[in-house]
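Residue numbers (this note's numbering): 6 to 120.
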Amino acid sequence: QVQLVESGGGLVQAGGSLRLSCAASVSIFSFYAMGWYRQAPGKERELVARISSAGITMYTDSVKGRFTISRDNAKNTLYLQMNSLKPEDTAMYYCWMLRDAFNYWGQGTQVTVSS
C-alpha cells in the first residue's frame, strides 16, 4: 500500500516562499515519475512540475524560474521549492507518483498567497 503525505503548505504573502514535501510510505527509487499538481477553485487540476526517475525535470510555463522540484531517494521524499509566489499560485497542491502504470496521489496541501 503506497501512501503519500504532503506537508509545507500555508499562507504566505506575495513574493514569499514555501517548500512542499511529499513523504512516501515506500521506497521511491522504483517510481517511473513523480510530480506536483495543483487545483484552484473552479479550475481543472494542472501539472505544475514533474521529475523522472533519471532526474529530468519539467515545469509548466507559469512557474518556470520560480519553482524547483527535487527528490531525495534516501528519504523517500519529493519536494517543491516555491519562490516569488504570486496570488495566482493559490491552490490545493497534490503530490503524484507513477509506478507500474498506476497513479498514486496525496491528500493535498493548501497554498494561499495573499496580495
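All residues carry an ideal CB built from backbone N, CA and C; glycine is no exception.
Counting C-beta pairs closer than 8 Å gives fewer than three between the stretch 7-25 and the stretch 74-82, which falls short of the contact rule. Among the bridge pairs identified by DSSP, Y109 is matched with M102.
The alpha-carbon of N88 is positioned some 18 Å away from that of Y99.
Of Y64, V7, D105 and E11, the smallest CA-CA separation from Y37 is found for D105.
Counting along the chain, G40 sits inside the beta strand (DSSP E) bounded by residues A38 to Q44.
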